[in-house]
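Novice:
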Amino acid sequence: DLVVPNLSYRTGPYGANGTQYADGFNDYFTLLNERDGGIGGEIIQVPECETAYNTEKGVECYEATKDTGALVYNPLSTGITYQLIPKVGVDKKVLYTPGYGRTSAKNGKVFEWVFNAPANYWDGASVAIKYLLEENGGDLSGKKIALVYHNSAYGKEPIRTLEELAAKHGFELNAIPVEAPGQEQKSQWLQIRRDKPDYVLMWGWGVMNQVAIQEAANIRFPMENFIGIWWAGSEIDVGPAGAGADGYKSLTFNGVGMDYPLYDDLKTHVLDTGKASQGGEHVGSAVYSRGMYAAVVIAEAIRKAQELAGTAQINPEQLREGFENLEISTERLAEIGLPDFGPEIALSCSNHGGSGMARIQQWDASAKTWNLITEFTEPDNEVLDPLIAADSEAYAKEAGITPRECN
Amino acid sequence: MMDQFFFAAEVLANGLMTGVMYALVALGFVLIFKASGVFNYAQGVLALFAALTLVGIQQGQIPFAHLINAAFGTSLHHFGWTVPAVLAIALTAGVMVALAFLIEKLVLQHLVGQEPIILFMATIGLAYFLEGLGDVMWGADIKTLDVGLPQGISDSIEGATAEWFGYGFFIDRLDIWATVIAALLVAALVAFAQYTKQGRAMRAVADDHQAALSVGISLRFIWVMVWSIAGFVALVAGIMWGTKSGVQFSLSLIALKALPVLMLGGFTSIPGAIVGGLIIGVGEKLFEFFIGPMVGGATENWFAYVLALIFLVFRPQGLFGERIIERV
Amino acid sequence: MLDKTEGYSTADGRQIGGVLMEMKNITLRFGGVVAIKDISFDIRQGEIRAIIGPNGAGKSSMLNVISGFYHPQEGEVWFKGYRRGPMKPYEVARLGIARTFQNIALFDGMSVLDNIMTGRLNRMKSGLLSQALWWGAAEREENENREQVEKIIDFLEIQNIRKTPVGRLPYGLKKRVELARALAAEPQILLLDEPMAGMNVEEKEDMSRFILDVNDEFGTTIALIEHDMGVVMDLSDRVVVMDYGRKIGDGNPDEVRRNQDVIDAYLGVAHD
Amino acid sequence: MLYREAGDFKTTYRDDGQTFPIRLDRWGYYVTLAVAFGIIPFVINDYWASAVFVPFLIYAIAALGLNILTGYAGQVSLGTGGFMAVGAYAVYKLMTAFPDISIVIHILLAGGITAMVGVLFGLPSLRIKGFYLAVATLAAQFFLVWLFNKVPWFYNYSASGQITAPERTILGQAVTGPASTASAKYLICLVFVFALAWIARNLTRGTLGRKWMAIRDMDIAAEIIGVNPLTAKLSAFAVSSFFIGIAGALLFAVYLGAAEVGEAFGINKSFLVLFMVIIGGLGSIFGSFAGAAFMVMMPVFLKNVLVGSLGWPTDLAAHIELMIVGALIVMFLIVEPHGLARLWSLTKEKLRLWPFPH
Amino acid sequence: MFDADTPETLLEVNNIEVIYNHVILVLKGVSLSVPKGGITALLGGNGAGKTTTLKAISNLLASERGEVTKGSIVYRGERVADRNPAALVKRGVIQVMEGRHCFEHLTVEENLLTGAYTRADGTAAIKRDLEMVYDYFPRLRERRKSQAGYTSGGEQQMVAMGRALMSRPEMILLDEPSMGLAPQLVEQIFQIVKAVNEGEGVTFLLAEQNTNVALRYAHYGYILENGRIVMDGPAAALRENPDVKEFYLGMSDEGRKSFRDVRSYRRRKRWLA
Ligand SMILES: Nc1ncnc2c1ncn2[C@@H]1O[C@H](COP(=O)(O)OP(=O)(O)OP(=O)(O)O)[C@@H](O)[C@H]1O
Ligand SMILES: Nc1ncnc2c1ncn2[C@@H]1O[C@H](COP(=O)(O)OP(=O)(O)OP(=O)(O)O)[C@@H](O)[C@H]1O
Ligand SMILES: [Mg+2]
Ligand SMILES: [Mg+2]
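Protein chains in written order, with this note's numbering: chain A, 770 to 1176; chain B, 45 to 372; chain C, 3 to 274; chain D, 94 to 451; chain E, 18 to 290.
1) Can you round the beta-carbon distance between B:Q87 and B:V69 to whole angstroms, since I take them to be within the 8 Å contact cut?
2) Output the distance between the C-alpha atoms of D:M94 and D:W120, rounded to the nearest integer angstrom.
3) Quick one: using the 10 Å Cβ neighbour count with 16 as the cut-off for buried, is D:K304 buried or exposed?
4) Compute the minimum distance between the beta carbon of C:Y92 and the heavy atoms of ligand 6, and state whether it is under 6 Å.
5) Name the chain C residues that come within less than 7 Å of B:V156, Cβ to Cβ?
6) Let me know if C:E149 comes out buried or exposed under the rule of 16 or more other beta-carbons within 10 Å of its beta-carbon.
7) Consult DSSP for A:E811 and reduce its assignment to one of helix, strand or coil.
8) Comparing alpha-carbon positions, which option in D:L409, D:M416, D:D310 and D:L344 lies nearest B:A115?
9) For A:V773 versus B:S294, is the C-beta spacing smaller than 7 Å?
10) If we ignore side chains and look at the alpha-carbon of each, how far apart do D:G175 and A:I1083 end up?
11) Could you confirm whether any beta carbon from chain E is found closer than 7 Å to the beta carbon of C:A199?
12) Answer with yes or no whether the minimum CB distance from C:Q104 to chain E is below 7 Å.
13) Does the region 1144 to 1163 of chain A come close enough to the region 873 to 893 of chain A that 3 or more CB-CB pairs lie under 8 Å?
14) With distances taken from each beta carbon to the nearest heavy atom of ligand 3, which residues come in below 5 Å, in chain order?
15) Could you tell me the alpha carbon to alpha carbon distance between A:V1056 and A:N775, rounded to whole angstroms?
16) Of the residues that make up the region 432 to 443 of chain D, which ones have a beta carbon closer than 8 Å to any beta carbon in chain E?
17) Just to make sure I have the definition right: I need the residues of chain D whose C-beta is within less than 8 Å of the C-beta of E:H39. Which are they?
18) Please confirm whether any heavy atom of ligand 4 lies closer than 6 Å to the CB of E:E115.
19) Can you tell me whether B:P128 sits near ligand 2, meaning its C-beta is under 6 Å from at least one heavy atom of the ligand?
20) Beta strand (DSSP E) containing E:T86: first to last residue?
21) Grab me the residues of B:L155's own chain with a C-beta within less than 7 Å of its C-beta, minus the 5 sequence neighbours each way, in chain order.
22) Between which two residues does the alpha helix (DSSP H) harbouring A:M992 extend?
23) Based on Cα-Cα distance, which residue from A:V1025, A:G1011 and A:R1072 lies nearest to A:T1143?
24) Whole-angstrom Cβ separation of A:W958 and A:G868, contact assumed at under 8 Å?
25) How many angstroms separate the CA atom of B:D47 from the CA atom of D:D310?
26) Look at the alpha carbon of A:D1149 and the alpha carbon of A:I1129, and state the distance between them as a whole number of angstroms.
27) If we call anything under 7 Å between Cβ atoms a contact, is B:P304 one with B:I324?
28) With a 10 Å radius around its C-beta and 16 neighbouring C-beta atoms as the bar for buried, classify D:L264 as buried or exposed.
29) Thinking E:L105 and E:V113 are a contact (beta carbons under 8 Å), I'd like their distance in whole angstroms, please.
30) With contact counted as at least three CB pairs below 8 Å, one residue from each stretch, are the region 259 to 274 of chain B and the region 137 to 144 of chain B in contact?
31) Is C:F32 near ligand 1, in the sense that its beta carbon is under 6 Å from a heavy atom of that ligand?
32) How about B:I103 and B:T126: do their beta carbons lie closer than 7 Å?
33) Hey, would you say D:N160 sits closer than 7 Å to C:W136, going by beta carbons?
34) Under 9 Å Cβ-Cβ, which residues of chain D neighbour C:G9?
35) Should A:E817 go down as buried or exposed, given a rule of 16 or more other Cβ atoms within 10 Å for buried?
36) Going by beta-carbon coordinates alone, are E:G131 and B:V180 separated by less than 7 Å?
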């Protein structure tokens, strides 16, 4: 058996989001086990451990599971990720943090054990700006962009990138923090009403998203000029605002809806047999899909690792190799039953973050669906690469790591 | 220049409305504190629990579905009916009374005469319990609450102000409703506490449990009554906040916004809760709006407390709180 | 330079010294309530001075003025020939004024011993570090003061309850512990607010004995409020009588006993 | 003889002031020490260290600190999380600014810095009392968290505002950073706990402790018998914050290794430590330990039982765990409002009377 | 009206034992009976257990972590243990607690009104009784609007008494009513007790340290020492008992002795060891 612990959170302030993610993650592995008998003949065990989005509990979960043969961790929390980064280096476990965590972990030379493909926050910021550039015929100069962010490590992540991009493209950035949990945002949105930015970006999580979208509707901010990061792009986020949320956009790096062949398999093997995590209530939601996508990538890395190692029963080191040589092509995705579900991924020793491609989805309030409105777009690596290099070097220095050579 | 003025006025107006929303939560605290000297930390959770129950009843959710499913392998979730809002509110109020009864029976009764801090801790324990119970009963999903309260910007106010001042004020209709309801609640509660026999008994209980017992006031009755009222106030707060941001865990954290309100208004004063709410609402909004951007923003959490603290240094019992009797 | 005037000698032959403390035209108001109205009197070195009067007359308030807890709107307090400026209660305590309270004010969470030790706090000077490490001054001081406290414990015959938390004690013993705490400070003036309330005769006798012994053996000046006329008349050297915040009588017990105002306002019947 | 003081006569005041007047207690204490220093370090593994022992020891320090303030001096504080953050950020800045100086000194300095901040936020206690003070201390909690989140200097301008503890060694053993071993972490915490508990004991049995308790039990009377409330309260804030600062420093540097202020030192931390103090017993050193042990171990225990043994779904287990924790807290308060420490001493009292019921 | 010869028993305390905190045994088998319409005094030194007895009767021990572990208390044929304190007040037993226990933040008048909490006979009657209490204690009328917390000790005692009277009880348990009162007032309080007892037939059980006054007004007395009843009898007989005279009334053969003289001897005779 192969062990892939699921450090989930189904309670606490972010429990509603965490639940859906964890369900998607579980269900995909259940599907593999049920349909294919695991990967390469090895059943995948997904022991779940509740972290409540709390770093101490996260660490406890990690320690409790790490000696059970765990291969890879995906804690869905930037805070817990920061705790685990130094630990996985010592314990030799893979840490996979798609779309969250420490951005500069993209640099595989410094962060040997950490992977954050297909995209990270800086990619997200850059893709959003790129989208806006396109909307504006390639010119953002003189425009005002506000960033409404969760006042935490997570929310602060994009600021540096956006500042660089502002300098490059000549727009004006105004960062507005919202104290967690973000139940009350009147003054922030009145500021936005006063400053009249052309666009608003949002790095939010939990209730903050819902309130922000509602407040934006209240001040009649045009929803189509309001773009959230992928963590601010789920059905729960737009729900309370009702019709007011129509037209709201968000980034995503995975497909939405249930129009994928894989869901047929999922239905036959998991849903209908009653094996779905939590009764399958959330199947097909945006966050569920993202959890499932994380499982897909991990499963693919396991396959690759088995292939390279020549054995089905791999260890974390071999899985790491698998990740570093991971390639998920368009064809492969289609084969899995998820055509065009995610960007192509090709990782290497030095690149642990993939291409960083993401796309934009838009909420249709009457149909209650997310629609994909752009193709996968590449970030502006010209800006990002130096930032990543600088940040990872700083970390290497602080932690006393000598970056390894990659060839 | 004029614009700045209007913005300030708008922030002020919105601050007042927010303050009312805070006050709604603070009111529940005040009631219980007045009646039992208990600093009821669970008030926020009570609001969450009330809102969860309301939504659950309204949408015909099966309580404890998840637990039953886990135990028996079933996959229940809804009864398949929906309950009209008014009826659901009435039923929820009933649940809150039952809850008050249970709390008295299982917790308070056994803690008669204990020090305030012990009672305070007990309410935190209660908060944990209710938080877990709410989740187990109704699930941890985010739920949308709609009891038919209007939401969104009031067009008539915007129109009217635009006509008068050339600047349309944005006021949320939900906030207007909250203000009206809060005003009614406060008036009713003040009258109750000050001029009725039960109100007097309630204040007597707060002063001295034993003496209250000795003159024949039934602590149980008073407590069940007060907790029921507080449960009802929590329900109102839960409806308002739940309509605004969906019913979910963070709703319980509004208790933390009510605390500075309470401190400023005085723990024992019902009007204080409103006045405190207004001052805090306006203060934190204006500060965040004008000073916030200079210091990096997100000041609201601490500013409310610091503001209250400054008031307290001059009036240690809050604006309207009862004088702290110091005698030897 | 204590004596403003020479002292006097009492009936049983004790020599009373000069004026130790003098209250001059004290007026104390709480909002509309006038608790003390223009009262003057003095307390002499070594005497037992009683303050009596009906309930609500302002007796306790007067003690509170003396111990610096209330600050009178008008009037002056003179101590040892100096005018006392506005002082915080703890500064007053350091001058050598200790007291007991009408509604017992012991520290309920502490043992009898610790309560009494608090009376000696102002004599203990060891620094934070020494205390933290329990080394040198701290330990030495603790043991020295403990010895003094044990003497008081012996004196008041409360050895057997030394380690009991005071919350558990019956009323009468609490009063005794309070007295012990006040004595531990080795005060120059001891203020007692109804030390014998709630006691039966036997206990009052004990208490009287303690008060007399303190006065005698340590030469402590005592001001006491009491409603038991037997006690007041037997123990005190001079008595101030208050009514509605005013002073209506001042003199030795015999004079007071016969004062018609006092009889009307307070005693009801002439006490024998 | 079990549990008898009789036959244990004290001949000096010094003996009488002993910490463990009963022989059996004294032995228990020595045995505990022997196990803690002599056995556990050799058998401890990562899981036990990070799930149980290290957090227990660190929270015991915090609980001792809060107990000094709340249990001994009677000033209820909900600012513990904020003060722990001060300790954490202080030690982070010191560690990164002076890498060559011993981490022990850094931790002590961090305690000292926290003490100063504590005194500052303790000033309102001179006017404000009871729950008003408790709520007022939340001002410290929220302000400090905001400050550390907002001012980049505190987190050395890192992109996300997270702080990460670099590796530091004592006698060649890494005690912070990823390479530190379970027993090294455990031992450094244990040493601090031991020393601080001893200091707490000394302070609370002497003059200062009596001043604190006097202020706690009746502040007016205390002032009238000569306790200066200013120095008494502020010294309580200082000492308490010193302890809490050290706990914060250890929590960050030794236990977590990386921290984000709002998450690691939020209001929940304040409540958690207050819980420990109350469940354990206000005004009791032993209670601080008992409370910390209870609050650290119970969730772990429940989780292991509910998920590990009974195999419940994690979310259900987590929700029910909340209910159980809540119910247990209420139950404990009902059974013995004065905490585990009192429960223990009552048991001893009964033992002493044994076999006679009264 | 009290008929001393064939009294109807209102309250029976049978051999009760009270333990605090599960360990401290305070009452060790106390029995007493209170006749209807009488004034019964419970005397005894500090810590004898008077307060505890009264609290056991009015069922207030629970909030002090005390419990009656043996024996029974029967009021009008009902065991009080089955009733909560509030119900007992409704049934006519009210206690004036030691140490006054006023509601500090309520005004004097509001304090008095809480006494009428259990009454259902209309505001007019309550108003009348309020006037009655003010007539008994004119000082309270003057201070009716002040917060009770700011009144003097004696005033608070009056409030507590008045509050009990307001409930129109059948039986009043008085715990040290004279404590801290001026001599005139002590007499007055007992006069009131007597008046209420005779005029309205209210039964009193009072715990007192002031043995002298208590025995002058009571019909019957019990002496409690160390948690046991050591003596009981009609008040007049107790007053004449030489031991009572010496220890409780402070009289020696030559009449009252001066407190100044007590220091010359140390008497430590105790009733029981
Ligand atoms: N802090 C205060 N605020 C308001 N009024 C006060 C205060 N302290 C005392 N008083 C009032 O002042 C008057 C005198 O009170 P004080 O306590 O001095 O009386 P007393 O002579 O000691 O009476 P007793 O013998 O009953 O104890 C009382 O009417 C009391 O209500
Ligand atoms: N809550 C309590 N916990 C523990 N012991 C108590 C408690 N209350 C009273 N006691 C003890 O019970 C005994 C009897 O106390 P009680 O108050 O009944 O005496 P009393 O006769 O009323 O004395 P007093 O005349 O001093 O009021 C005392 O020894 C006291 O220490
Ligand atoms: Mg007085
Ligand atoms: Mg008594």
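By construction, the Cβ of each residue, glycine as well, lies at the ideal position given by its N, Cα and C atoms.
This structure is a prediction, so every number in the text was calculated from the model and none was measured.
Specialist: This is what the structure holds:
1) Here the question's residue 87 of chain B lines up with position 43 in the second sequence. Here the question's residue 69 of chain B lines up with position 25 in the second sequence. Distance from B:Q87 to B:V69 at the Cβ level is roughly 6 Å; contact confirmed, criterion being Cβ atoms closer than 8 Å.
2) By 1-based counting over the fourth sequence, the position of residue 94 of chain D is 1. By 1-based counting over the fourth sequence, the position of residue 120 of chain D is 27. In this prediction, D:M94 has a pLDDT of 42, which is less than 50 and means its spatial position is unreliable; nothing more can be read from the coordinates.
3) Locating residue 304 of chain D in the fourth sequence gives position 211, counting from the first residue. Around the beta-carbon of D:K304, 16 or more other beta-carbon atoms lie within 10 Å, marking it buried.
4) Because ligand 6 does not appear in the structure shown, any question about it cannot be addressed here, the ligands present being ligand 1, ligand 2, ligand 3 and ligand 4.
5) On the second sequence, residue 156 of chain B is found 112 positions in, with the first residue counted as 1. Result: empty, since nearest Cβ-Cβ is about 17 Å, beyond 7 Å.
6) As a first step, residue 149 of chain C must be located in the third sequence, where it is residue number 147. Exposed, by the Cβ-count rule.
7) What you label residue 811 of chain A is simply residue 42 of the first sequence in a count that begins at 1. A:E811 carries a strand assignment under DSSP once its states are collapsed to helix, strand and coil.
8) Start at 1 with the first residue of the second sequence, and residue 115 of chain B comes out as number 71. Taking the Cα of B:A115 as reference, the smallest distance to any Cα among D:L409, D:M416, D:D310 and D:L344 is reached at D:L409.
9) Residue 773 of chain A sits at position 4 when you count from the first residue of the first sequence. Residue 294 of chain B sits at position 250 when you count from the first residue of the second sequence. A distance of 7 Å or more separates the beta carbons of A:V773 and B:S294.
10) Numbered from 1 along the fourth sequence, position 82 holds the residue referred to as residue 175 of chain D. Numbered from 1 along the first sequence, position 314 holds the residue referred to as residue 1083 of chain A. Cα atoms of D:G175 and A:I1083: separation of roughly 45 Å, rounded to the nearest angstrom.
11) For the purposes of this step, residue 199 of chain C is taken as residue 197 along the third sequence, with counting starting at 1. The C-beta of C:A199 comes closer than 7 Å to at least one C-beta of chain E.
12) On the third sequence, position 102 is the one that residue 104 of chain C refers to. True, the Cβ-Cβ gap to chain E drops below 7 Å.
13) In this structure the region 873 to 893 of chain A touches the region 1144 to 1163 of chain A; the number of beta carbon pairs closer than 8 Å is three or more.
14) Per the Cβ criterion, the list is C:S62, C:Q104 and E:G170.
15) Position 287 of the first sequence, counting from 1, holds the residue named residue 1056 of chain A. Position 6 of the first sequence, counting from 1, holds the residue named residue 775 of chain A. Distance between the alpha carbons of A:V1056 and A:N775: 15 Å.
16) With the criterion set as a beta carbon lying under 8 Å from some beta carbon of chain E, the members of the region 432 to 443 of chain D are L439, E442 and K443, in sequence order.
17) Taking the first residue of the fifth sequence as position 1, residue 39 of chain E is located at position 22. Under the 8 Å cutoff, chain D gives L439 and K443.
18) As a first step, residue 115 of chain E is located in the fifth sequence; it is residue number 98 there, counting from the start. Result yes, Cβ under 6 Å from ligand 4.
19) Your numbering for residue 128 of chain B matches position 84 in the second sequence. The answer is no for B:P128.
20) Residue 86 of chain E sits at position 69 when you count from the first residue of the fifth sequence. Looking at the DSSP string, the run of the beta strand (DSSP E) that includes E:T86 is G83 to Y92.
21) Here residue 155 of chain B is taken as the residue at index 111 of the second sequence, counted from 1. The answer, listed in chain order, is I162, L163 and A166.
22) As a first step, residue 992 of chain A is located in the first sequence; it is residue number 223 there, counting from the start. From DSSP, A:M992 is part of no alpha helix (DSSP H); its letter is neither H nor E.
23) Residue mapping note: residue 1143 of chain A aligns to position 374 of the first sequence, counting from 1. Of the candidates A:V1025, A:G1011 and A:R1072, the residue whose Cα lies closest to the Cα of A:T1143 is A:V1025.
24) Stepping through the first sequence from its first residue, residue 958 of chain A is reached at position 189. Stepping through the first sequence from its first residue, residue 868 of chain A is reached at position 99. Contact flag wrong, Cβ pair sits at about 26 Å.
25) Taking the first residue of the second sequence as 1, we reach residue 47 of chain B at position 3. Taking the first residue of the fourth sequence as 1, we reach residue 310 of chain D at position 217. Rounded to the nearest angstrom, the two C-alpha atoms are 56 Å apart.
26) For the purposes of this step, residue 1149 of chain A is taken as residue 380 along the first sequence, with counting starting at 1. For the purposes of this step, residue 1129 of chain A is taken as residue 360 along the first sequence, with counting starting at 1. A direct Cα-to-Cα measurement between A:D1149 and A:I1129 gives close to 16 Å.
27) Position 260 of the second sequence holds residue 304 of chain B. Position 280 of the second sequence holds residue 324 of chain B. Inclusion of B:P304 and B:I324 in the CB contact set at 7 Å is warranted, their separation being smaller than that value.
28) In the fourth sequence, counting from the first residue as 1, residue 264 of chain D sits at position 171. By the 10 Å Cβ count, D:L264 comes out exposed.
29) Mapped onto the fifth sequence, residue 105 of chain E falls at position 88. Mapped onto the fifth sequence, residue 113 of chain E falls at position 96. Rounded, the Cβ-Cβ distance is 14 Å, inconsistent with contact.
30) Taking 8 Å as the limit for Cβ pairs, the verdict is that the region 137 to 144 of chain B does touch the region 259 to 274 of chain B.
31) For the purposes of this step, residue 32 of chain C is taken as residue 30 along the third sequence, with counting starting at 1. C:F32 Cβ: within cutoff of ligand 1.
32) Here residue 103 of chain B refers to the residue found at position 59 of the second sequence. Here residue 126 of chain B refers to the residue found at position 82 of the second sequence. Going by the sequence as given, residue 103 of chain B is Gln instead of Ile. A contact, by the Cβ cut-off of 7 Å.
33) Residue mapping note: residue 160 of chain D aligns to position 67 of the fourth sequence, counting from 1. Residue mapping note: residue 136 of chain C aligns to position 134 of the third sequence, counting from 1. Judged by beta-carbon spacing, C:W136 lies beyond the 7 Å limit of D:N160, meaning their Cβ atoms are not closer than that value.
34) As a first step, residue 9 of chain C is located in the third sequence; it is residue number 7 there, counting from the start. Going along chain D, no residue has its Cβ under 9 Å from C:G9, so there is no contact; the nearest lies around 28 Å.
35) As a working note, residue 817 of chain A is residue 48 in the first sequence. Burial call: buried.
36) Residue numbering aside, residue 131 of chain E sits at position 114 when the fifth sequence is read from its first letter. Residue numbering aside, residue 180 of chain B sits at position 136 when the second sequence is read from its first letter. Before going on, a small fix: residue 131 of chain E reads as Thr here, not Gly. Not closer than 7 Å, so no.
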